[in-house]
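This report concerns only the one structure given below.
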Amino acid sequence: MIVEIGHFAVVAALLVALALGVVGHVSAVNGTWRSLAATLASCQLLLLAFGFAVLVRAFFVSDFSVAYVAENSNSLLPWYYRVSATWGAHEGSFLLWTLIMAVWTWAVSLGCSRLPDEIFGRVLGTMGLLNFGFVLFLLATSSPFERLLPGVPAEGADLNPLLQDFGLIVHPPLLYTGYVGFAVAFSFAIAALVSGRLDAAWARWSRPWTNVAWAFLTVGIALGSWWAYYELGWGGWWFWDPVENASFMPWLAGTALLHSLAVTEKRGAFKSWTALLAIAAFSLSLLGAFIVRSGVLTSVHAFAVDPERGLFVLALLALAVGGALTVYALRAPTITSRARYGGFSRELLLLVNNAILVVALAFVLHGTLYPLAHEAITGGEKTSVGAPYFNRGFVPLMCVLACFLALAPVARWKRTPLAMLRNTGLMCAAALCLGLALPLVLGGTFKLGAAVAVALGLWIMFVHGADLWRRRDSTTRGYLGMALAHVGFAVSLIGIGATSEFSREVDARMAVGDSVSLNGVTYRFAALRRIEGPNYIAEQAEFVTDGGVHLYPEKRHYPVREQVMTEAGIAAGFVRDLYIALGSTLPDGSWGVRIQDKPMVRWIWLGALMMALGGVLAVTDPRYRRLNARARSRREPQNAGGLAAAGGARGYPSPAK
Amino acid sequence: MNTQRRNRLVAIVFLLGGTAITAALVLTALEENVNLFYPPERVVNGDAPTGVTIRAGGMVVCGSVAHDASGLGVSFVLTDYKGSDFMVRHVGILPDLFREGQGILVTGELDSERVFRASEVLAKHDENYMPPEMAGIGIEAEACDSPDSTDPAFAS
Numbered sequence: 002m003i004v005e006i007g008h009f010a011v012v013a014a015l016l017v018a019l020a021l022g023v024v025g026h027v028s029a030v031n032g033t034w035r036s037l038a039a040t041l042a043s044c045q046l047l048l049l050a051f052g053f054a055v056l057v058r059a060f061f062v063s064d065f066s067v068a069y070v071a072e073n074s075n076s077l078l079p080w081y082y083r084v085s086a087t088w089g090a091h092e093g094s095f096l097l098w099t100l101i102m103a104v105w106t107w108a109v110s111l112g113c114s115r116l117p118d119e120i121f122g123r124v125l126g127t128m129g130l131l132n133f134g135f136v137l138f139l140l141a142t143s144s145p146f147e148r149l150l151p152g153v154p155a156e157g158a159d160l161n162p163l164l165q166d167f168g169l170i171v172h173p174p175l176l177y178t179g180y181v182g183f184a185v186a187f188s189f190a191i192a193a194l195v196s197g198r199l200d201a202a203w204a205r206w207s208r209p210w211t212n213v214a215w216a217f218l219t220v221g222i223a224l225g226s227w228w229a230y231y232e233l234g235w236g237g238w239w240f241w242d243p244v245e246n247a248s249f250m251p252w253l254a255g256t257a258l259l260h261s262l263a264v265t266e267k268r269g270a271f272k273s274w275t276a277l278l279a280i281a282a283f284s285l286s287l288l289g290a291f292i293v294r295s296g297v298l299t300s301v302h303a304f305a306v307d308p309e310r311g312l313f314v315l316a317l318l319a320l321a322v323g324g325a326l327t328v329y330a331l332r333a334p335t336i337t338s339r340a341r342y343g344g345f346s347r348e349l350l351l352l353v354n355n356a357i358l359v360v361a362l363a364f365v366l367h368g369t370l371y372p373l374a375h376e377a378i379t380g381g382e383k384t385s386v387g388a389p390y391f392n393r394g395f396v397p398l399m400c401v402l403a404c405f406l407a408l409a410p411v412a413r414w415k416r417t418p419l420a421m422l423r424n425t426g427l428m429c430a431a432a433l434c435l436g437l438a439l440p441l442v443l444g445g446t447f448k449l450g451a452a453v454a455v456a457l458g459l460w461i462m463f464v465h466g467a468d469l470w471r472r473r474d475s476t477t478r479g480y481l482g483m484a485l486a487h488v489g490f491a492v493s494l495i496g497i498g499a500t501s502e503f504s505r506e507v508d509a510r511m512a513v514g515d516s517v518s519l520n521g522v523t524y525r526f527a528a529l530r531r532i533e534g535p536n537y538i539a540e541q542a543e544f545v546t547d548g549g550v551h552l553y554p555e556k557r558h559y560p561v562r563e564q565v566m567t568e569a570g571i572a573a574g575f576v577r578d579l580y581i582a583l584g585s586t587l588p589d590g591s592w593g594v595r596i597q598d599k600p601m602v603r604w605i606w607l608g609a610l611m612m613a614l615g616g617v618l619a620v621t622d623p624r625y626r627r628l629n630a631r632a633r634s635r636r637e638p639q640n641a642g643g644l645a646a647a648g649g650a651r652g653y654p655s656p657a658k
Numbered sequence: 081m082n083t084q085r086r087n088r089l090v091a092i093v094f095l096l097g098g099t100a101i102t103a104a105l106v107l108t109a110l111e112e113n114v115n116l117f118y119p120p121e122r123v124v125n126g127d128a129p130t131g132v133t134i135r136a137g138g139m140v141v142c143g144s145v146a147h148d149a150s151g152l153g154v155s156f157v158l159t160d161y162k163g164s165d166f167m168v169r170h171v172g173i174l175p176d177l178f179r180e181g182q183g184i185l186v187t188g189e190l191d192s193e194r195v196f197r198a199s200e201v202l203a204k205h206d207e208n209y210m211p212p213e214m215a216g217i218g219i220e221a222e223a224c225d226s227p228d229s230t231d232p233a234f235a236s
């Protein structure tokens with residue numbers, strides 16, 4: 002009975018979302034329905050949260066009369082995997098998607114309560130319409146509430162063992178929060194375009210939301226990479242798999258959007274370009290949903306193939322993107338930009354940033370969709386695009402991006418005196434020397450990739466560190482956030498360079514008592530024992546290095562699905578990871594064993610966390626609160642440019658350079 | 081030239097430069113890294129080139145998996161159950177989902193004896209144990225009599 006009430010709550014949420022769509026847009030015109038729109042946003046959240054809670058409960062108590070629970074759970078699962086199994090497959094994960102959409106909508110209705118009627122109403126209205134589409138998709142093609150009556154199975158078919166992991170608990174919710182969060186930036190862009198207020202104030206309103214969504218997406222992607230590393234990737238941390246690309250493309254667009262918004266807020270420039278990026282970031286989130294949920298592309302973690310779902314998402318995508326681009330086409334030509342800037346300026350650097358990110362995005366998009374296009378053109382000939390394709394284009398582009406990033410702190414709005422670049426040049430020379438020397442000394446051999454990565458990473462750190470020191474008495478949180486995120490990028494860059502160039506691996510055939518040496522470390526296969534988990538039995542090996550490190554890789558057998566899983570044994574460290582994975586047993590009782598030495602691999606995810614923290618730190622900058630309160634007029638001197646730009650965008654000319 | 085025009089010019093130059101670089105990167109990178117998929121029939125009848133990285137797939141013939149006496153070398157036969165069989169040779173560790181009687185994908189090269197030298201063995205598949213590339217060619221997985229030959233550890 003409770004399941005039917007949950008189902009009904011989601012149906013009610015569908016109607017509320019539609020009502021919010023209408024009321025929001027009407028209140029933008031008449032202004033009187035404003036509080037009603039906010040109430041509807043709260044209602045939508047309550048209803049979807051209730052529906053979601055009902056599904057979680059069904060999983061928790063193992064109610065196998067619900068088809069979705071029976072297909073994806075089992076009474077032997079530990080309770081935390083039973084709960085996270087709720088979003089372990091298509092139906093439940095999309096319910097989570099709609100719930101997160103409702104949370105963002107509600108947050109906007111609270112956080113933007115002081116915005117003008119036309120913006121407030123149109124943002125909520127657009128988000129309501131979007132979630133109407135999502136909930137309709139959920140109910141029409143993939144309801145998680147369907148019952149198996151009569152004939153309730155006694156036991157569930159179990160959650161895919163691959164997903165029985167901490168990664169499933171945290172990765173999808175964070176990733177979806179990022180994906181869906183770009184709906185806020187999208188809705189702000191639509192609201193600003195429709196109401197003709199595509200100005201610096203709009204950029205300032207949507208900036209914190211974009212930052213937070215981007216930070217969530219960053220952490221979500223990093224967690225996915227870490228999960229793949231220890232669970233399914235045999236030590237790989239990025240595969241250019243279509244589903245990975247699906248999450249990475251909105252991230253690239255979102256990163257470009259963050260930087261473009263900065264120019265629009267401070268200088269009133271790039272306005273229509275920023276709006277286009279906001280539309281693109283969310284459209285790419287939807288494209289990602291299409292790739293993952295339609296099964297059109299071969300991937301390691303696609304959901305089960307269902308053409309009907311694919312068509313529905315494609316229709317949603319076409320409506321959202323088509324609608325947004327129509328609004329854009331009608332409105333964008335009326336937008337003029339008066340801001341001026343000279344040869345070497347912060348505006349120019351951010352333009353370069355956007356150009357590189359968009360080129361990288363186009364490159365990844367092309368490689369991801371190429372097999373689809375090829376199949377359509379040749380009539381069914383299947384291809385795949387290998388990782389070397391992506392690395393060939395993406396790596397050089399990121400190196401160029403890093404060069405320009407290193408100049409970020411010294412560049413000024415409008416025009417930068419060239420004298421300011423002198424120290425930067427010195428630091429570049431120092432970083433170059435260290436970049437050549439450090440990998441050579443620590444890694445033993447010269448590797449171009451590592452040298453370039455370390456030199457660029459150190460240069461970025463030096464320049465940002467020096468600039469932070471210079472401003473130590475007058476930094477803003479926005480500035481600190483930027484510096485932290487940029488240094489995070491450098492940390493990831495160094496990690497990627499070191500891991501890619503200095504990782505060593507060996508596949509060996511080993512029986513208990515055998516030893517193998519890799520990169521100066523001897524690994525001894527010390528013991529093998531059988532252990533029993535809650536819903537699996539495992540062969541656990543014990544490896545001991547000559548340095549006294551113990552590693553415990555496992556081979557697990559899950560009887561419910563007759564599936565075998567590899568659990569790597571990892572000795573994690575700041576400088577290097579030692580990584581052992583058991584392959585299969587061979588006829589004579591020995592094992593295939595893969596041993597890896599992965600230097601600085603943790604830096605990749607550490608850097609991503611720093612980027613995300615930087616994004617959030619910038620949001621806590623008091624100027625956003627001041628703006629929302631619209632009260633005090635006192636501002637720090639650094640913000641004078643922003644004020645002037647905001648004024649310029651409202652119609653009077655910007656101060657002449 | 082006023083500043084606005086100059087900025088526009090800079091933007092256009094960047095746009096064109098970016099497009100040109102992307103196009104160049106895409107074309108050179110694609111040429112070497114697109115791997116065509118060949119079903120067993122086309123591997124056997126000679127359609128598939130030798131010495132070029134390609135992808136192939138098929139069902140692992142029951143009882144065909146033979147591990148070397150030492151080292152990690154393994155060979156097995158892939159089939160479409162319609163008379164097209166070919167031998168795959170791989171040195172390394174087979175994936176967890178590798179089973180006799182089920183569909184798998186291999187990436188590698190055909191050598192001069194038309195033995196497929198696999199650099200990578202993939203067992204990506206759906207609930208029907210079928211890689212998506214092979215779903216369209218009308219063959220089905222079958223259960224082998226000696227299940228799980230890759231994992232005798234759990235056979236008991």
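As given, the protein sequences belong to chains A and B, one line each in that order. Using the numbering used here, the letters of the first sequence map in sequence onto residues 2 to 658. Using the numbering used here, the letters of the second sequence map in sequence onto residues 81 to 236. Think of the CB as a built atom: it goes at the ideal place given N, C-alpha and C, for glycine as much as any other residue.
Practice prompt. Can you grab the Cα-Cα spacing for the pair residue 94 of chain A / residue 445 of chain A, in whole Å?
Written response: Pairing residue 94 of chain A with residue 445 of chain A, the inter-Cα distance amounts to about 47 Å.
Worksheet item: If you run the structure through DSSP and keep just helix, strand and coil, what is residue 541 of chain A?
Response: Residue state for residue 541 of chain A is assigned as strand, using DSSP reduced to three classes.
Worksheet entry | Cutoff 8 Å: residue 264 of chain A Cβ touching any chain B Cβ | At a cut-off of 8 Å between beta carbons, residue 264 of chain A makes no contact with chain B.
Discussion item. Within 10 Å of its beta-carbon, does residue 657 of chain A have 16 or more other beta-carbons around it, so buried, or fewer, so exposed?
Written reply: Caution is warranted here: a pLDDT of 34 is assigned to residue 657 of chain A, below 50, making its placement in the model unreliable, and no coordinate value can be reported.
Fill in: Closer than 8 Å at the beta carbon, the chain B residues around residue 349 of chain A
Counting only Cβ-Cβ distances below 8 Å, residue 349 of chain A has contacts in chain B at 90, in chain order.
Item to complete: Let me know the secondary structure DSSP gives residue 118 of chain A once reduced to three states.
Response: Helix.
Worksheet item: If we ignore side chains and look at the alpha-carbon of each, how far apart do residue 567 of chain A and residue 506 of chain A end up?
Response: Residue 567 of chain A and residue 506 of chain A: Cα-Cα distance of roughly 17 Å.
Practice prompt. For chain B, find out if any of its Cβ atoms is closer than 8 Å to the Cβ of residue 260 of chain A; answer yes or no.
Written response: No, no contact with chain B.
Worksheet item: From the beta carbon of residue 191 of chain B, is the nearest beta carbon of chain A less than 8 Å away?
Response: With a threshold of 8 Å between beta carbons, residue 191 of chain B makes no contact with chain A.
Item to complete: Taking only the alpha-carbon atoms, compute the straight-line gap between residue 458 of chain A and residue 145 of chain A and give it to the nearest angstrom.
Response: Their Cα atoms are separated by approximately 47 Å.
Practice prompt. Drop a sphere of 10 angstroms on the beta-carbon of residue 113 of chain A, count the other beta-carbons inside from all chains shown, and report buried for 16 or more, exposed for fewer.
Written response: Classification of residue 113 of chain A: buried, given that the 10 Å Cβ count is 16 or more.
Item to complete: Kindly list the residues whose CB is nearer than 7 Å to the CB of residue 216 of chain A, restricted to its own chain and excluding five residues on each side of it in sequence; keep chain order.
Response: Listed in chain order, the non-local C-beta contacts of residue 216 of chain A below 7 Å within the same chain comprise 613, 616, 617, local neighbours out to five positions each way being set aside.
Discussion item. Rounded to whole angstroms, what is the Cα-Cα separation between residue 130 of chain A and residue 120 of chain A?
Written reply: Distance between the alpha carbons of residue 130 of chain A and residue 120 of chain A: 15 Å.
Practice prompt. Leaving aside the five residues before and after residue 202 of chain B along the sequence, list all residues of the same chain whose C-beta is less than 8 Å from its C-beta, in chain order.
Written response: The beta carbon of residue 202 of chain B sits closer than 8 Å to those of 175, 184, 185, 186, 187, 211, all from its chain and outside the five residues before and after it, given in chain order.
Worksheet item: Taking all protein chains shown into account, do 16 or more other C-beta atoms lie within 10 angstroms of the C-beta of residue 552 of chain A, making it buried, or fewer, making it exposed?
Response: Answer is buried; the Cβ neighbour count reaches 16.
Fill in: For residue 82 of chain A and residue 165 of chain A, the rounded distance between their alpha carbons
Here the alpha carbons of residue 82 of chain A and residue 165 of chain A stand approximately 6 Å from one another.
Fill in: Residue-chain proximity (residue 156 of chain B, chain A), Cβ-Cβ < 8 Å
No, residue 156 of chain B lies away from the interface with chain A (no Cβ there is under 8 Å from its Cβ).
Practice prompt. Select from B:199, B:85, B:98 the residue whose C-alpha is nearest the C-alpha of residue 65 of chain B.
Written response: No information on residue 65 of chain B is available, as it lies outside the stretch 81 to 236 that chain B covers here.
Practice prompt. Taking residue 200 of chain B as part of the beta strand (DSSP E), name the residues at either end of that continuous run.
Written response: Here the beta strand (DSSP E) through residue 200 of chain B covers 196-202.
Worksheet item: Quick one: what does DSSP say residue 144 of chain B is sitting in, helix, strand or coil?
Response: Three-state result, residue 144 of chain B: coil.
Worksheet item: Any beta-carbon of chain A closer than 8 Å to the one on residue 113 of chain B?
Response: Yes - at least one Cβ of chain A is within 8 Å of the one on residue 113 of chain B.
Fill in: Start-to-end residues for the alpha helix (DSSP H) that takes in residue 118 of chain B
DSSP places residue 118 of chain B outside any alpha helix (DSSP H); the residue lies instead in the beta strand (DSSP E), whose first and last residues are 114-118.
Item to complete: Please check if any C-beta of chain B sits within less than 8 Å of the C-beta of residue 369 of chain A.
Response: Not one chain B Cβ lies under 8 Å of residue 369 of chain A.
Practice prompt. Give the interface partners of residue 170 of chain B over in chain A, defined as CB-CB distance under 8 Å, in chain order.
Written response: Listed along the chain, the chain A residues whose CB falls inside 8 Å of the CB of residue 170 of chain B amount to none; the nearest CB is some 11 Å away.
Worksheet item: Considering only residues of the same chain and omitting the five flanking positions on each side of residue 8 of chain A, which have a CB-CB separation below 6 Å?
Response: Closer than 6 Å at the Cβ level, and outside the excluded window around residue 8 of chain A, lie 146.
Worksheet item: Thinking C-alpha only, which one of A:529, A:359, A:503 is nearest residue 515 of chain A?
Response: Of A:529, A:359, A:503, the residue nearest in Cα terms is A:529.
Worksheet item: Along chain B, which residues have their Cβ under 7 Å away from the Cβ of residue 516 of chain A?
Response: By Cβ distance, chain B contributes nothing, its closest Cβ being about 16 Å from residue 516 of chain A, past 7 Å.
Fill in: Start-to-end residues for the beta strand (DSSP E) that takes in residue 518 of chain A
Here the beta strand (DSSP E) through residue 518 of chain A covers 516-519.
Worksheet entry | For residue 149 of chain B, the first and last residue of its enclosing beta strand (DSSP E) | Annotation: residue 149 of chain B is outside any beta strand (DSSP E) and is labelled neither H nor E by DSSP.
Item to complete: With DSSP collapsed to three states, give me the class of residue 182 of chain B.
Response: The DSSP-derived three-state label of residue 182 of chain B is coil.
Discussion item. For a minimum of 3 consecutive residues, which ranges assigned as the beta strand (DSSP E) are wholly contained in the region 339-388 of chain A?
Written reply: Look at the region 339-388 of chain A and you find these whole runs of beta strand (DSSP E), each 3 residues long or longer: 384-386.
Discussion item. At the 8 Å Cβ level, is residue 127 of chain B part of the contact set with chain A, yes or no?
Written reply: It does not: the Cβ of residue 127 of chain B has no partner Cβ on chain A nearer than 8 Å.
Fill in: Cβ shell of residue 181 of chain B (< 7 Å), same chain only, five flanking positions each side left out
So the qualifying residues of the chain are 139, 140, 142, 221, 222, 223, 224.
Worksheet item: What separation, rounded to the nearest whole angstrom, lies between the Cα atoms of residue 336 of chain A and residue 326 of chain A?
Response: Straight through space, the alpha carbons of residue 326 of chain A and residue 336 of chain A are spaced by roughly 15 Å.
Item to complete: Can you check DSSP and say which residues form a bridge with residue 593 of chain A?
Response: In DSSP, residue 593 of chain A forms a bridge with A:510.
Worksheet item: Residue range of the beta strand (DSSP E) that residue 166 of chain B falls in?
Response: For residue 166 of chain B, the enclosing beta strand (DSSP E) covers residues 165-171.
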